[in-house]
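First up is the structure itself, then whatever we jot down about it.
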């Protein structure tokens, strides 16, 4: 955790560069605003789907927005 303000916890998980590492990070959180982007590298993003119940909203940035 990098900060907490008014009950909102802020995390920088820039090490989660694969769908599996994003899934592992989401396992310990809930009510998440997930900001993700970068190069897809042809990875299967569907592995994140089972964890989306923990995600309130997704902000996608970068080259592969339509994935």
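Numbering (our numbering), first residue to last: 906 to 972.
Note that beta-carbon positions come from the ideal geometry of N, C-alpha and C, so glycine has one too.
Could you check what DSSP says for residue i in three-state terms: helix, strand or coil?
i           : result
residue 926 : helix
residue 938 : strand
residue 959 : helix
residue 964 : strand
To the nearest angstrom, how far is it from the Cα of residue i to the Cα of residue j?
i           : j           : result
residue 909 : residue 916 : 9 Å
residue 928 : residue 952 : 7 Å
residue 906 : residue 914 : 7 Å
residue 930 : residue 911 : 22 Å
residue 938 : residue 920 : 17 Å
Shortest alpha-carbon distance to residue i belongs to which of the options?
i           : options            : result
residue 944 : 968, 907, 919, 918 : 968
residue 934 : 966, 964, 957, 923 : 957
residue 922 : 949, 937, 938, 936 : 949
residue 954 : 941, 964, 911, 924 : 924
residue 960 : 946, 932, 942      : 932
Starting from residue i and walking both ways along the beta strand (DSSP E), at which residues does that stretch end?
i           : result
residue 913 : 913–915
residue 908 : 908–910
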